[in-house]
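Below is one structure, written out as structure tokens; the observations come after it.
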Amino acid sequence: MEIWINPDCSKCHSALQLLDTEQADYTIRRYLEDPPNEIELREVLSKLRLEPWDITRFGEATAAELGIADWPRDASSRGRWIKALASHPILIQRPIITAGDRSAVVGRTAEAVRSVL
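By the numbering used here, the letter at position 24 of the sequence shown is numbered 8, and the numbering carries on one by one without gaps.
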């Protein structure tokens, strides 16, 4: 199991605490320091069964600078979104937890974190 975190994020701290309480075996990826590339993002999106706009943090200053809220949300624009997330990882929702069984969740709630244990 791997968890993508921002160490300054309270939701990430909560997810880590729950994983520790449950004695889960996991590795930490500080995704701002070690950003996922486009291939990794595509794999995670497939596991999440989500689109890139579903895991985008629209409240970030970078999102406003890019005007990303106004981008089309369709199959032909998917690559543009993935490229933006890879280039600006601050835009990626967190924490993202991937499990070995090809499942993944955005672990913003205790229920979501528990679902991959």
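Each residue gets a CB set at the ideal place from its N, CA and C atoms; glycine is no exception.
With DSSP collapsed to three states, give me the class of W55. Note: W55 maps to coil in three-state DSSP.
Would a C-beta distance cut-off of 8 angstroms place R26 and I81 closer than the cut-off? Note that the C-beta distance between R26 and I81 is not below 8 angstroms.
Apart from the five residues just before and just after S61, which ones in its own chain have a Cβ nearer than 7 angstroms to its Cβ? For S61, the CB contacts under 7 angstroms within the same chain, skipping 5 residues up- and downstream, are W55 in chain order.
How is T11 classed by DSSP in three states: helix, strand or coil? In this structure, DSSP gives T11 an extended state, which the three-state scheme calls strand.
Taking the alpha-carbon positions, what's the G43 to A88 distance? Each residue's Cα considered, the two are about 23 angstroms apart.
Reduced DSSP secondary structure (H/G/I, E/B, other) of T40: In this structure, T40 counts as strand in the three-state DSSP scheme.
So for V89, helix, strand or coil by DSSP? It is a strand residue.
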